[in-house]
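Asker: Under this note's numbering, the first residue of the sequence shown is numbered 280, with each subsequent residue one higher.
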Amino acid sequence: MTSDDHALFDRARTIAQAALAPEEEAHPGLYELRYVRPQRVFDIDDDADGTVSAEHLGLTREEGMRLLRRIDDIRAAVVDALLGDSALTAAIARVPDPGGSIAVVGDSMSADRLGWAELLGGLLTSLRPELVLRSTARGGDTTLDALSRFHLAAAHRPAVVIQLIGANDARRHGFGLAVPMCSPDDTRRGLRGLRAMCGHLGARRVVFTPLAGDERGSVVNRHGASWLPSDIEAVSELVLEVDPEATNLHASAVRLPSEEFLLADGLHPTLAGQVWLLHRVVAALSDAWR
């Protein structure tokens, strides 16, 4: 991790803590609702999205909607704070107009309701309304899942595709016997397929490796899923093998203080981690076709 990364995470942590206390971020309902996105699975409106999310998590509709409103408030507060970051707004101003929309292909790291993609969307609305960000990121997706759903991104003929996926290729399933979701060849096939699809569209690509996890992720969760840090690292190496120009987020994230960068699951970034990630995405996006 460079000194710039260290300073950047310090600033991200300050912004995050002003909007969301650590004990509130640990609230089980808030945690779950960040990643449950029925709209990415079913054709439903915003109100139904909240209802389905609450029911899926065993919450009352009222409790679910209250938490979703709280998430909206937190996101708005963070975006407002980020608008005062002159370095970040200058980087956004440097992003060339690609002549079309910007698509996001990813998993829960990008589908997070408090994640970098949502924050970037809010910033673009204020600073660069001509730049339209559309995300098809869905929690749990592997590279092959993203490939199978790429038509949803392609439907809008994006000029740029931001790709941050691979953590779920490292996911294992099972109580006792943990079976990997994808083999290395599966991951290569998914990554090469995504590259080919973008090439067919003529879209510019901004590619990232997965972030790093820690040992907390290796504990099998209630869904029977687990993530070994070494498996995530191996997938990151595959991303760099297929796309040598990709930004190596893993190499930076693995050196950040994981207790503050990652939630208790040892996998997903905290709000501070997402703000840090936002800066890294914007930096890569502003330099993508210089």
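The beta carbon of each residue, even a glycine, is placed where N, CA and C say it ideally should be.
Rank A567, V358 and V561 by C-alpha distance to the C-alpha of A482 and give the top, closest one.
Answerer: Ranking the options by Cα distance to A482, first place goes to A567.
Asker: Suppose contacts are defined by Cβ-Cβ distances below 8 Å. Is L406 in contact with I371 by that definition?
Answerer: In contact: L406 and I371 (Cβ atoms closer than 8 Å).
Asker: List, from N- to C-terminal side, the beta strand (DSSP E) runs of 3 residues or more that fit wholly inside the region 361-425.
Answerer: List check, beta strand (DSSP E) in window: 381-385 and 412-414.
Asker: Can at least three beta-carbon pairs, one atom from the region 534-554 and one from the region 299-306, be found at a separation below 8 Å?
Answerer: Segments in contact, yes.
Asker: With a threshold of 16 other CB atoms inside 10 Å of the CB of T293, please say whether the residue is buried or exposed.
Answerer: Exposed.
Asker: Do the region 539-548 and the region 377-393 meet, that is, are 3 or more Cβ pairs less than 8 Å apart?
Answerer: Output reads yes: the region 377-393 touches the region 539-548.
Asker: Which residues share a DSSP beta bridge with Q442?
Answerer: V384 and V486.
Asker: Please determine if the region 456-472 and the region 397-404 are in contact, where contact requires at least 3 C-beta pairs separated by less than 8 Å.
Answerer: With a cut-off of 8 Å, the region 397-404 and the region 456-472 do not count as touching, because too few Cβ pairs lie within range.
Asker: Closest by CA to F429, which one among R451, T404 and R471?
Answerer: Answer by Cα proximity: R471.
Asker: Give the secondary structure of P437 by DSSP, where H, G and I count as helix, E and B as strand, and everything else as coil.
Answerer: DSSP places P437 in coil when its eight states are reduced to three.
Asker: Excluding five sequence neighbours on each side, which residues of the same chain lie with their C-beta closer than 7 Å to the C-beta of M280?
Answerer: Reliability of the predicted coordinates at M280 is poor, the pLDDT of 41 falling under 50, and no value is obtained from them.
Asker: Which value, in whole angstroms, describes the spacing of the CA atoms of L480 and I381?
Answerer: L480 and I381: Cα-Cα distance of roughly 13 Å.
Asker: What are the complete alpha helix (DSSP H) segments, minimum 4 residues, inside the region 478-560?
Answerer: Here the runs fully enclosed are 508-521, 528-532 and 537-540.
Asker: Just verifying my parser: in three-state terms, what is the DSSP assignment at H285?
Answerer: In the structure shown, H285 sits in a helix (DSSP, three-state: H, G or I).
Asker: Compare the beta carbon distance of A434 and G385 with 8 Å and say whether it is the shorter of the two.
Answerer: In this structure, G385 does not lie closer than 8 Å to A434 by Cβ.
Asker: Note down the Cα distance separating F487 from D364, rounded to an integer number of angstroms.
Answerer: Looking at the two C-alpha atoms, the distance is approximately 23 Å.
Asker: From R501 to H452, what distance separates their C-alpha atoms?
Answerer: Rounded to the nearest angstrom, the two C-alpha atoms are 11 Å apart.
Asker: On a CA-only basis, which of A449, A491, S509 and S497 is nearest G455? Give me that one, please.
Answerer: Nearest C-alpha to G455: S497.
Asker: Between L338 and R349, what straight-line distance do the alpha-carbon atoms span, to the nearest angstrom?
Answerer: Each residue's Cα considered, the two are about 15 Å apart.
Asker: Kindly indicate which three-state DSSP category V315 falls into: helix, strand or coil?
Answerer: V315: coil per DSSP, three-state reduction.
Asker: According to DSSP, is H452 part of a helix, a strand, or is it coil?
Answerer: Looking at H452 - three-state DSSP - the assignment turns out to be strand.
Asker: Taking C-alpha atoms, which residue in E538, A525 and G503 lies nearest to L564?
Answerer: Closest by alpha carbon: A525.
Asker: Which residues does DSSP pair with P463 in a beta bridge?
Answerer: DSSP lists no partner for P463.
Asker: Counting only the same chain and skipping the five closest in sequence on each side, list residues whose C-beta sits under 6 Å from that of A291.
Answerer: A551, V554 and W555, listed in sequence order.
Asker: State the DSSP-derived secondary structure class of I323, mapped to helix, strand or coil.
Answerer: With a pLDDT of 49 at I323, under the threshold of 50, the modelled position of this residue cannot be trusted, and the question is left open.
Asker: By the 10 Å Cβ neighbour count, where 16 or more other Cβ atoms means buried, how is H558 classified, buried or exposed?
Answerer: Buried, because 16 or more other Cβ atoms sit within 10 Å of the Cβ of H558.
Asker: Taking the alpha carbon of V561 as the point to measure from, which residue in S537, V485, L507 and S427 has its own alpha carbon closest?
Answerer: Checked all of S537, V485, L507 and S427; the closest Cα to V561 is V485.
Asker: So, for R495: in the same chain, excluding its five sequence neighbours on each side, which residues have a beta-carbon less than 6 Å away from its beta-carbon?
Answerer: Only G545 meet the Cβ criterion.
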